[in-house]
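When you line the sequence shown up against full-length UniProt numbering, it's residues 1 to 472, in that order. Don't be surprised by glycine CBs; every beta carbon is placed ideally from N, CA and C. This one's a predicted model, so the numbers in the text were calculated from it and none came from an experiment. What follows is a single structure, written as structure tokens, with notes after it.
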Amino acid sequence: MRSEGSIGMNWGRQSAQRLIPSTVVDLMLQNRIGDVRIYNSQPDILEAFAGSGINVTVQILFMNLINSAQQARDWVGLKIDPFYYSTNIRRIFLGNHEFKAAVMNGGNTTSAEAAVDLMELMQSAVNNASYGDQIKVTLPHPDCIITNVTRPSDAEFRSEIKEPMARHLSLLRQSNAPFVAEVFPIEYINFHPWLDFSFAFADNKTKTVIHDINGAVYTNIFDYLYDCFVWALRKAGAPDQEIVVGQIGWPTDGYPGADAATAERFYKYLLPHVASGRGTPMRPGKPIEIFVHCLTDEPKNPFSYPFARHWGIYRSNGEPKFKIDLSGRGRDIYPARAKGIMRMPQRWCVFNGDKRDELKVKAQFDDACLRADCTSLSPGGSCSQLDYNKNVSYAFNMFFQSMFQNETSCKFDGLGEVVPTDPSEGSCVFPVEVVRGQQINFDTAAAGERLYYEKFVQIVLESVQQLTYRIN
Numbered sequence: 001m002r003s004e005g006s007i008g009m010n011w012g013r014q015s016a017q018r019l020i021p022s023t024v025v026d027l028m029l030q031n032r033i034g035d036v037r038i039y040n041s042q043p044d045i046l047e048a049f050a051g052s053g054i055n056v057t058v059q060i061l062f063m064n065l066i067n068s069a070q071q072a073r074d075w076v077g078l079k080i081d082p083f084y085y086s087t088n089i090r091r092i093f094l095g096n097h098e099f100k101a102a103v104m105n106g107g108n109t110t111s112a113e114a115a116v117d118l119m120e121l122m123q124s125a126v127n128n129a130s131y132g133d134q135i136k137v138t139l140p141h142p143d144c145i146i147t148n149v150t151r152p153s154d155a156e157f158r159s160e161i162k163e164p165m166a167r168h169l170s171l172l173r174q175s176n177a178p179f180v181a182e183v184f185p186i187e188y189i190n191f192h193p194w195l196d197f198s199f200a201f202a203d204n205k206t207k208t209v210i211h212d213i214n215g216a217v218y219t220n221i222f223d224y225l226y227d228c229f230v231w232a233l234r235k236a237g238a239p240d241q242e243i244v245v246g247q248i249g250w251p252t253d254g255y256p257g258a259d260a261a262t263a264e265r266f267y268k269y270l271l272p273h274v275a276s277g278r279g280t281p282m283r284p285g286k287p288i289e290i291f292v293h294c295l296t297d298e299p300k301n302p303f304s305y306p307f308a309r310h311w312g313i314y315r316s317n318g319e320p321k322f323k324i325d326l327s328g329r330g331r332d333i334y335p336a337r338a339k340g341i342m343r344m345p346q347r348w349c350v351f352n353g354d355k356r357d358e359l360k361v362k363a364q365f366d367d368a369c370l371r372a373d374c375t376s377l378s379p380g381g382s383c384s385q386l387d388y389n390k391n392v393s394y395a396f397n398m399f400f401q402s403m404f405q406n407e408t409s410c411k412f413d414g415l416g417e418v419v420p421t422d423p424s425e426g427s428c429v430f431p432v433e434v435v436r437g438q439q440i441n442f443d444t445a446a447a448g449e450r451l452y453y454e455k456f457v458q459i460v461l462e463s464v465q466q467l468t469y470r471i472n
């Protein structure tokens with residue numbers, strides 16, 4: 001049994017400019033990361049991790065692709081069999097917060113029940129292939145499936161999901177699989193304004209101190225939320241259920257408090273706390289396993305908040321954004337930098353200043369932001385203080401760079417021009433992206449990533465309407 005905590009890494013790939021799998025494996029090894037979670041089961045990725053010694057968690061996001069025991073066995077034969085002896089596949093995550101859907105849909109538990117059904121099918125298929133001792137099937141859960149509380153001991157699973165949750169926990173016990181909790185500190189603090197902002201950090205500088213039963217004291221959001229899940233599991237009849245934190249991180253843009261300096265502070269104290277093996281007030285001395293979210297930003301990821309595209313520790317060119325010691329030893333260091341990545345030429349697409357038809361300007365601005373990532377312009381974002389012309393220029397350049405500087409992508413109905421002078425201003429960086437590498441082909445599908453094309457377009461259209469930044 002481990003005496004120390006474990007720090008893994010999530011690698012999402014919803015970006016036009018992707019790090020190639022071999023580069024990511026090299027980064028993981030340089031940073032001594034022993035576990036990785038990917039959001040698909042692509043053969044080229046699994047092959048890249050072969051022989052690395054890194055434990056891999058894969059994910060089946062589209063549960064409707066598997067509807068029978070035979071289809072589950074076929075999936076295992078196609079996705080697991082070729083890599084079982086070379087790649088350390090350890091877990092299969094299913095769906096995308098299916099129990100949250102029940103909470104959000106007025107208690108309709110169809111998606112939660114389907115997820116538990118699929119979990120049973122998939123674990124059975126894994127067991128039938130004689131992989132069950134090594135590979136465990138489970139579901140990730142966000143903190144919103146727990147009731148609103150002011151202290152962890154009050155926490156329990158929401159009433160509308162208790163029935164499918166009981167079956168889910170029973171299956172976890174049978175297979176010895178972990179319960180996966182996903183926590184979003186910046187979002188939780190935002191929705192619970194009675195918590196001091198500094199409660200998000202494990203540096204003991206918060207004004208918020210929560211006293212609970214049995215002498216438990218909470219001074220940071222991680223211990224608080226972790227023990228909320230511990231209490232909820234206890235009340236659901238699973239007091240000893242293993243917990244894995246499948247996602248935790250701090251964004252670097254798109255929201256007040258979302259910046260590199262704050263992310264650095266968040267990880268500087270959280271990771272040593274996890275690695276120490278001290279545990280939490282409810283589970284003292286019990287090692288904690290987390291997955292940091294995530295390796296790089298995902299500019300093509302649909303979002304509920306603008307910061308959701310800015311979780312990355314690395315920029316698309318493989319440079320770290322801030323200091324972070326992924327070993328959990330608390331050293332004041334930058335993580336290893338990716339090697340062999342080339343940037344495109346130093347040129348930018350900007351607005352030419354022609355405002356004779358402002359409706360046309362706005363239409364082109366909105367179109368650019370629909371097809372590229374403008375979330376840094378959101379209130380509190382790194383580019384939220386730009387003037388009219390610079391707002392439009394930022395949008396134009398983001399699309400231009402996402403199209404790998406194809407000059408036709410800087411037309412914008414006669415409003416764009418390519419310039420060799422960097423238009424960056426203050427904290428707002430107008431990026432120059434890396435040369436074309438692996439990318440999502442949105443003309444067909446998202447290559448096994450989170451969203452198929454049709455769903456992606458629908459959600460992005462909704463997201464653009466929700467953005468609070470606008471040119472005026």
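Supposed close pair residue i, residue j - CB separation, criterion 8 Å
| i | j | result |
| --- | --- | --- |
| Gly107 | Gly277 | Not quite, the Cβ-Cβ distance comes to about 39 Å (not below 8 Å), so this is no contact. |
| Asp223 | Lys207 | Actually they are not in contact, since the Cβ atoms of Asp223 and Lys207 sit about 16 Å apart, beyond 8 Å. |
| Gly249 | Val292 | 6 Å |
| Cys374 | Cys428 | 12 Å between Cβ atoms; not a contact. |
| Tyr226 | Thr280 | 5 Å |
| Lys50 | Ser22 | Correcting the residue type first, residue 50 is Ala in the shown sequence and not Lys. With a Cβ gap of about 11 Å, Ala50 and Ser22 do not count as contacting. |
| Leu19 | Thr296 | 6 Å |
| Met63 | Ala16 | That pair is no contact at about 27 Å. |
| Gln401 | Val432 | 7 Å |
| Trp348 | Asn397 | 5 Å |
| Asn389 | Gly353 | 6 Å |
Coarse secondary structure for residue i, derived from DSSP in three states
| i | result |
| --- | --- |
| Phe184 | coil |
| Trp348 | strand |
| Pro43 | helix |
| Pro299 | coil |
| Phe442 | Reliability of the predicted coordinates at Phe442 is poor, the pLDDT of 34 falling under 50, and no value is obtained from them. |
| Gln291 | Sequence check: residue 291 is Phe here, not Gln. It is a strand residue. |
| Arg234 | helix |
| Ile313 | coil |
| Tyr218 | strand |
| Arg278 | coil |
| Arg283 | coil |
| His273 | helix |
| Met119 | helix |
| Ile213 | helix |
| Arg265 | helix |
| Pro306 | helix |
| Asn190 | helix |
| Ser327 | coil |
Contacts around residue i, its chain only, beta-carbon distance under 6 Å, and the 5 residues preceding and following it disregarded
| i | result |
| --- | --- |
| Gln59 | Tyr39 and Phe93 |
| Asn441 | Confidence at Asn441 is low in this model, with a pLDDT of 40, below 50, so the placement of that residue should be treated as unreliable; the coordinate-derived value is given next. Within the same chain, Asn441 has no close Cβ partners at all. |
| Tyr334 | Pro320 and Lys323 |
| Tyr269 | Phe201, Ala202 and Asp203 |
| Arg91 | Thr57 and Lys136 |
| Lys235 | Glu156 |
| Pro140 | Phe93, Val180, Glu182 and Gly246 |
| Thr219 | Asn204, Thr206 and Val209 |
| Ala216 | Pro281 |
| Gln123 | Val137 and Ser175 |
| Arg371 | Phe399 |
| Ala69 | Leu121 |
| Ser198 | Lys205 and Thr206 |
| Val244 | Pro178, Val180 and Glu289 |
| Val434 | Gln17, Ser316, Asn317, Ile341 and Arg343 |
| Asp26 | none |
Own chain partners of residue i with C-beta closer than 7 Å, once the 5 adjacent residues on each side are dropped
| i | result |
| --- | --- |
| Ala102 | Asn108, Thr109, Ser111, Ala112, Glu160 and Ile161 |
| Val149 | Ala155 and Cys228 |
| Ile213 | Ser153 |
| Val392 | Phe351, Val361, Phe365 and Ile471 |
| Gln241 | Leu169, Leu172, Phe179 and Leu233 |
| Gly95 | Leu61, Met63, Ala115 and Leu139 |
| Met403 | Ser409 |
| Gln211 | Residue 211 is actually His in this sequence, not Gln. Cβ within range, chain order: Val217. |
Same chain, Cβ closer than 8 Å to residue i, five either side skipped, listed in chain order
| i | result |
| --- | --- |
| Ala258 | Ile186, Trp250, Pro251, Thr252, Phe307, His310, Gly380 and Gly381 |
| Ile189 | Leu195, Phe197, Phe199, Ala200 and Ile221 |
| Ile66 | Ile60, Ala72, Trp75, Leu118, Leu121 and Met122 |
| Ser424 | Phe430 |
Give the list of continuous alpha helix (DSSP H) stretches no shorter than 4 residues that lie fully inside the region 78-113.
98-104
When the Cβ atoms of the region 37-53 are set against those of the region 11-19, are three or more pairs found closer than 8 Å?
yes
Taking contact to mean at least 3 C-beta pairs separated by less than 8 Å, is the region 357-373 in contact with the region 277-295?
no
Is the region 179-193 touching the region 121-129, taking contact as three or more C-beta pairs under 8 Å?
no
Counting only runs of 3+ residues fully inside the region 12-81, write out the beta strand (DSSP E) ranges in chain order.
35-38 and 55-60
Would you check if there are 3 or more beta carbon pairs closer than 8 Å linking the region 42-58 to the region 329-345?
no
Which complete beta strand (DSSP E) runs does the UniProt domain "X8" (347-430) hold, if anything under 3 residues is left out?
348-351 and 416-419
Please give the ranges of any alpha helix (DSSP H) in the region 123-183, keeping only runs that are unbroken, at least 4 residues long and fully inside the region.
162-175
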